[in-house]
Each structure stands twice: as C-alpha cells, then as structure tokens.
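In the working numbering, the protein residues as written are 1188 to 1435. Data block below; observations after.
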Ligand SMILES: Nc1ncnc2c1ncn2[C@@H]1O[C@H](COP(=O)(O)OP(=O)(O)OP(=O)(O)O)[C@@H](O)[C@H]1O
Ligand SMILES: [Mg+2]
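What follows is the structure, given as structure tokens:
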C-alpha cells in the first residue's frame, strides 16, 4: 500500500511515518520511505546515519543540470530515472529517499527545481515492488492531482487542539476537490478518551488510528536514538492502524 502522511507542522507526521514504516517492515514487507519534509529527519528516526544524507532539494548543481534551466526556461520533463539508484539508502528491506521540500509554484529557480523533484517523486510512487510511506509537509496542494492519485491512503495527523484540526479540514477540502477517496484522520498525542472524543467531534468522524502521548517516543527523540525499538506502545498503535488500512 502507498500511504502519504500529512498534517499541520509539528503534529507528529514524521514520528507516525516512522512507526508505520516499522509496522510494515514487521509484516515482512519491503518498504520505500520518502521524506519530503522541508526539514527532513525521518532518516534519524529510522536509525540511518543522517550526516551522510543530503536532501535532493539541496543538490543545487544536480537540480540545475537536470532541469536544464536557462533563464526563464527549463525542462518540463527532466530525466530522473537514474536518481533513485544513486541516492537511495538501503537497509534490511527498507529503502529511504530524502527529497526535502517540494515547493508550491515559486519563481525561476524554485519552479525548475520543483519540476525535477516532482518528477522524481512521481517516479518513486510508481514502484510496485514495495509499500510506500511518504512523509510530507502540511498540505497536499503542491503535489498535484497525478501525484496524489497514485497514493492509496492519505493520513492526516491531528492533535487534540483546534489549530491542527483546522489544517486537517483544509486538507480534506483540497482532497475532495482532487477526488481523493481514501483520506483518514489519525489522532496523535492524545492523553485520554476525552481527547479522542474531541477529535472525533471536531472532525465529524472517528480517527482511523490513535496514538497516545508517549514519554518513550519523546525520550528517544531527545536522545537522537532510533524510535522503533524505543516505544512499544507506539509500535502497537501503528500495527493496528495498518490492519485497519488493509481492511479499507
Ligand atoms: N505520540 C507522541 N508522544 C510523544 N511525543 C510525540 C508524539 N508524537 C510526536 N511527538 C514529538 O513531537 C515532536 C514533533 O514530532 P514530529 O517531528 O514527528 O512532527 P512533524 O509533524 O513531522 O513536524 P514537522 O511539521 O516539523 O515536520 C517530536 O519531538 C516528537 O518526538
Ligand atoms: Mg516532520
């Protein structure tokens, strides 16, 4: 299955992405993790040495070369098919590609860079050999219909406060405009049932998965150690969420 994880800044997208990746790996599946976060740190959460990873979005020379940028002109369909092989990190059934931020619109340079990044993302999402988890920034607007259509499930992470739920409503509206069928709410950082109920009421539907506040996850993040072995209760919640998605 191909899962995109979005939601307001800081709600726990990367954390939940990491645990979903773990849950899929535990099922013996091959997983491709794509980090399209402006400040990507999925690598660290998954236990990769992130000092050796440069997000593709920061490889200016490569982006210039591939986009063929010449003043206001650039290649709308840049070559990207050799890039996964070159830049993918691999370990025990897990592949990781760190893209970095794909911006919306923008002038000159950003537009040309985005053509490369978007092409690369589309190419990665085509993969049929493995499950995919895409850790994104807040919205889905910068991705476009074609990209979004190749994802099976969009998970919008919310926390039990209004701001995060308002962002979720915006994403939901955009997704409906793009005719996306499988969009689900995931509750994170809940303290008790009241928090879950609040999210359900505000969103008008129950969350498909619930992650409670985890002091283990917090500690692991502070220490900079891989998350997956550190917080068994989060592992369990991710496993339940994957089971539910399998039934959708
Ligand atoms: N269920 C949880 N229990 C405890 N801490 C959590 C939980 N979920 C997330 N956190 C903590 O909250 C912080 C933000 O989480 P994370 O980086 O996953 O959010 P994000 O949505 O990816 O942020 P950004 O928008 O910056 O990419 C981290 O320090 C993380 O350890
Ligand atoms: Mg993140």
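Ideal placement from N, C-alpha and C gives every residue a C-beta, glycine not left out. Keep in mind that this is a model prediction, so the values were computed, not measured.
A distance below 6 angstroms between beta-carbons, with the five flanking residues on each side excluded, links residue 1250 to the following residues of its chain, in chain order: 1300 and 1303. In this structure, residue 1200 has its CB closer than 8 angstroms to one or more heavy atoms of ligand 2. The Cβ-Cβ distance between residue 1407 and residue 1413 falls below 9 angstroms.
Judged by the Cβ position, residue 1339 fails to qualify as a neighbour of ligand 2 at the 8 angstroms threshold, every heavy atom of the ligand being at least this far. Given a length threshold of 4 residues, each whole run of the alpha helix (DSSP H) inside the stretch 1190–1248 is given here in chain order: 1200–1213 and 1229–1232.
Rounded to the nearest whole angstrom, the CA to CA distance from residue 1338 to residue 1375 is 22 angstroms.
Bounds of any alpha helix (DSSP H) do not take in residue 1417, whose DSSP letter is neither H nor E. Counting the other Cβ atoms within 10 Å of the Cβ of residue 1254 gives 16 or more, which makes it buried. The beta carbons of residue 1194 and residue 1242 sit no closer together than 9 angstroms. For the set 1323, 1284 and 1431, the Cα lying nearest the Cα of residue 1199 is the one of 1323. When 1298, 1278, 1207 and 1430 are compared, the shortest CA-CA separation from residue 1260 is found for 1298.
From the listed residues 1360, 1349, 1371 and 1396, the smallest Cα separation to residue 1389 is found for 1349. When the five nearest sequence neighbours on each side are left out, the beta carbons in the same chain lying within less than 7 angstroms of the beta carbon of residue 1354 are those of 1194, 1195 and 1325, in order along the chain. Here DSSP, grouped into helix, strand and coil, assigns residue 1400 to coil. Taking 8 angstroms as the cut-off, one finds at least one heavy atom of ligand 2 near enough to the beta carbon of residue 1224. Residue 1236 and residue 1433 have their C-alpha atoms spaced approximately 31 angstroms apart.
In this structure, residue 1235 has its beta carbon at no less than 8 angstroms from each heavy atom of ligand 1. Residue 1402 sits exposed, since fewer than 16 C-beta atoms from the chains shown fall within 10 Å of its C-beta. Between the alpha carbons of residue 1336 and residue 1368 lies a gap of roughly 9 angstroms. Collapsing the DSSP output to three states places residue 1325 in coil. Rounded to whole angstroms, residue 1221 and residue 1357 show a C-alpha spacing of 23 angstroms. Checking the DSSP bridge columns, you'll see residue 1284 partnered with 1221.
Contact between residue 1230 and residue 1285 holds: CB atoms are separated by about 6 angstroms, below the 8 angstroms threshold. Closest option to residue 1265, judged by alpha-carbon separation, among 1239, 1306 and 1395: 1306.
Between the alpha carbons of residue 1343 and residue 1278 lies a distance of about 28 angstroms.
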